[in-house]
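Quick notes on the structure that follows.
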Amino acid sequence: MCVPPARDLCGCHEATLTGALSPDPDNYTDQATFLENLQRNPRLQPYEFWPLVADSTVILQQVCSVIIFVTCFVGIFQERVSPVSVVGWGSLATFVGWLIWDMWVGQETENEVLRRQNSNRSRAAMERESRKDRMLSVPGGGTPSAASSVSNLAIPSERSLSHGNLVALRRSHSASVVSLQSTVSTSQYGNASQRSPNDSAEELNHSPSSALHSGRTSMRLSTVKSAILIYSTLLGLSPILKSLTRSTSSDSIWAMSFWLLVINIFFFDYSGGVGVKFPASLSTNAALMASTVLASRLPSTGQVFSLTLFSIEVFGLFPVFRRYARHRSFRYHVALSVLLVVGAGLGVGLILGGGDKGGGKDAGGGAWPPWRSGFLGVLVAALLSVVTMGGCSWWLISLQKYKNAINGPWDQARPIIISRRLWEDD
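Residue 171 in the UniProt record's numbering sits at position 171 of the sequence shown, with consecutive numbering throughout.
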């Protein structure tokens with residue numbers, strides 16, 4: 001007679017039998033213990049005001065960059081600003097930013113090389129100490145001391161020495177002297193080998209190696225070649241871009257450019273990671289397409305070239321510098337945000353001021369000087385920036401109280417998928 005195992009008699013068979021005989025349905029829920037394991041917002045992290053304001057400066061920088069580009073286009077289109085001055089100042093700022101970026105990258109690379117050298121040096125020192133401890137722990141494995149060698153020089157009394165003993169004593173005396181000299185030289189060599197890492201660490205000059213210099217030089221040369229290639233390509237494509245949208249109405253161009261710039265703002269990569277090689281490709285392509293269709297509305301080839309090159313600097317290169325500035329120091333990030341707000345407000349003030357040279361009109365009908373319109377635009381831009389960042393931060397904090405995520409034992413169970421290989425092994 002086959003007797004079932006004991007675990008089947010008191011385990012699953014009993015539970016199955018109890019469930020089958022229970023009068024309650026399978027979906028029965030006990031009202032008394034239903035809400036005992038209820039959890040509300042278990043992973044909620046409450047927002048703070050100033051960190052939200054600091055994070056919103058990234059969006060502010062991108063919006064100000066778009067505004068600066070639009071004001072430069074309007075200035076060139078209305079012939080208030082020379083395209084040579086726009087592309088000249090933009091290229092100068094790009095060159096200075098590239099020098100600063102190259103310095104930052106070089107410092108980070110040197111720090112990484114020094115960190116690796118220090119870690120390798122400390123690892124070698126630890127291995128040397130462990131090897132020395134193992135040698136000392138082995139019986140008879142150590143180097144004979146000088147005291148033991150000197151003790152061999154003790155000369156017995158002449159009464160107990162014969163002629164053969166004197167010869168043996170002379171031989172042992174010479175061997176002891178040789179062993180003493182070898183011991184002293186070995187100890188000096190060991191001390192020198194123990195001191196050499198520290199001395200070399202102190203005398204190490206904190207300068208990159210030749211391989212690091214060659215790598216940075218090749219990177220600079222590739223950057224210069226890329227800049228020359230872009231410059232030459234834009235010179236060749238400017239006549240084609242000038243007549244690109246000749247058969248399209250201006251209203252369609254303005255609407256298309258507006259939505260492309262909106263796509264640039266909403267799809268920009270605001271994460272701030274410096275390791276991404278091509279961040280926000282959709283945003284960058286949308287901005288470059290907007291600049292292309294806007295440049296096709298300009299009358300001359302030089303204006304088309306200037307605006308297209310300026311758009312590459314603003315939407316392609318400037319975000320990389322902004323990301324590195326934020327990565328290096330938050331002070332650089334704040335200073336750059338202030339400069340962008342001032343530049344955007346100044347440009348909007350000069351454009352909206354009216355007049356042939358950007359000046360407005362006062363209450364008496366007199367003409368405003370351009371600096372007054374620009375100063376008023378800077379004040380309005382600063383006020384709008386502060387109100388927008390602060391108001392949106394408070395609004396987001398107030399909306400967080402409506403977040404209500406509950407967790408409990410009634411949540412849908414996640415299946416554990418067993419691979420076919422493990423299933424076949426069982």
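Glycine included, each C-beta is placed from N, C-alpha and C at the ideal position.
The structure presented is a predicted model; accordingly, all values stated were derived computationally and were not measured.
(message) Here's the rule: buried if 16 or more other CB atoms are within 10 angstroms of the residue's CB, otherwise exposed. What is threonine 248?
(response) exposed
Opening and closing residue of the alpha helix (DSSP H) in which tyrosine 324 lies = Per DSSP, tyrosine 324 belongs to the alpha helix (DSSP H) from 318–328.
What do you reckon, are the CB atoms on valine 387 and glycine 345 nearer than 7 angstroms? no
- Classify phenylalanine 49 as buried or exposed, calling it buried when 16 or more other Cβ atoms lie within 10 Å of its own Cβ. exposed
| said: Considering Cα atoms alone, identify which of Phe34, Val63, Glu36, Ala295 is closest to serine 257. | reply: Ala295
Go to glutamate 110, then tell me how far its alpha helix (DSSP H) extends in each direction, as first and last residue. From DSSP, the alpha helix (DSSP H) with glutamate 110 extends over 83–137.
Let me confirm a value: serine 215 is counted as buried when at least 16 other C-beta atoms fall within 10 Å, else exposed. Which label applies? It is glycine, not serine, that sits at residue 215 in the sequence shown. Counting Cβ neighbours within 10 Å, glycine 215 comes out exposed, since fewer than 16 surround it.
- Query: Quick one: what's got a C-beta closer than 8 angstroms to alanine 54's C-beta in the same chain, skipping five residues either side?
  - Reply: Spatial neighbours of alanine 54 in its own chain (CB-CB distance under 8 angstroms, excluding positions within 5 residues in sequence) are listed in chain order as Phe330.
| field | Span of the alpha helix (DSSP H) around tryptophan 254 | value | 250–266
Which one of Leu44, Glu313, Leu384 has the shortest CA to CA distance from valine 96? Glu313
The segment 55–74 touching the segment 259–268, judged by at least three CB pairs closer than 8 angstroms = yes
Taking all protein chains shown into account, do 16 or more other C-beta atoms lie within 10 angstroms of the C-beta of proline 83, making it buried, or fewer, making it exposed? buried
**Prompt:** What are the start and end residues of the alpha helix (DSSP H) that includes tryptophan 394?
**Reply:** 370–399
Inset, instruction - Indicate whether glycine 349 and glycine 374 have their beta-carbon atoms separated by less than 7 angstroms. - result: yes
Going by DSSP in three states, asparagine 37 sits in which element: helix, strand or coil? coil
Per DSSP, what kind of secondary structure is asparagine 27 in: helix, strand or coil?
Looking at asparagine 27 - three-state DSSP - the assignment turns out to be coil, as it is neither helix nor strand.
Next on the checklist: The alpha helix (DSSP H) that contains phenylalanine 77, what's its start and end?
Outcome noted: 49–77 is the extent of the alpha helix (DSSP H) around phenylalanine 77.
request  = Identify, in the order they occur along the chain, each residue of the same chain with its Cβ nearer than 8 angstroms to the Cβ of leucine 309, setting aside the five sequence neighbours on each side.
outcome  = Val87, Gly90, Ser91, Ile230, Tyr231, Leu234
Worksheet item: Is serine 306 closer than 7 angstroms to leucine 60 when the C-beta atoms are compared?
Response: No, the Cβ-Cβ distance between leucine 60 and serine 306 is not below 7 angstroms.
Residue nearest to arginine 372 in terms of C-alpha spacing, selected from Pro46, Ala381, Gly353, Ser385 | Gly353
- Let me know the secondary structure DSSP gives isoleucine 417 once reduced to three states. In this structure, isoleucine 417 counts as coil in the three-state DSSP scheme.
Exercise for the section: Answer with buried or exposed for proline 23, where buried requires no fewer than 16 other C-beta atoms within 10 angstroms of its C-beta. Expected result: exposed
Bounding residues of the alpha helix (DSSP H) (the contiguous stretch that carries threonine 245) = Counting along the chain, threonine 245 falls outside any alpha helix (DSSP H), and DSSP gives it neither H nor E.
Exercise for review: Please say whether valine 304 and serine 238 have beta carbons closer to each other than 7 angstroms?
Suggested key: yes
Is it buried or exposed for tyrosine 324, if we count other Cβ within 10 angstroms and need 16 for buried?
buried
- By Cβ distance, which residues of its chain are closer than 6 angstroms to tyrosine 28, with the 5 residues on each side in sequence left out? Answer for tyrosine 28: no residue qualifies.
ask   = Going straight from the alpha carbon of glutamate 110 to that of serine 119, what length do you get?
value = Between glutamate 110 and serine 119, the alpha-carbon positions lie close to 14 angstroms from each other.
Q) What separation, rounded to the nearest whole angstrom, lies between the Cα atoms of valine 124 and serine 137? A) Looking at the sequence provided, one finds alanine at residue 124 rather than valine. Answer to the nearest angstrom: the Cα atoms are 20 angstroms apart.
Which of the three DSSP states, helix, strand or coil, is assigned to asparagine 404?
-> Under the three-state reduction of DSSP output, asparagine 404 falls in the coil class, being neither helix nor strand.
> So which of Val224, Thr301, Ser222 has the shortest CA-CA distance to isoleucine 240?
Replying inline: Residue Thr301 is the option with its Cα nearest to isoleucine 240.
Suppose the cutoff is 6 angstroms on Cβ atoms and the five residues either side in sequence are ignored; what does the same chain contact list for leucine 298 look like? Val304
For this session: For alanine 405, count neighbouring Cβ atoms within 10 angstroms of its own Cβ and tell me buried if that reaches 16, exposed if not.
Result: exposed
### Query
Considering phenylalanine 315, what are the terminal residues of the alpha helix (DSSP H) in which it resides?
Unbroken run through phenylalanine 315: none, as it is neither H nor E.
| query | Taking the alpha-carbon positions, what's the serine 218 to valine 224 distance? | reply | 10 angstroms
Fill in: Residue from Ile265, Ser271, Leu282 with nearest C-alpha to glutamine 62
Ile265
Report task. Drop a sphere of 10 angstroms on the beta-carbon of glycine 391, count the other beta-carbons inside from all chains shown, and report buried for 16 or more, exposed for fewer. Result -> exposed
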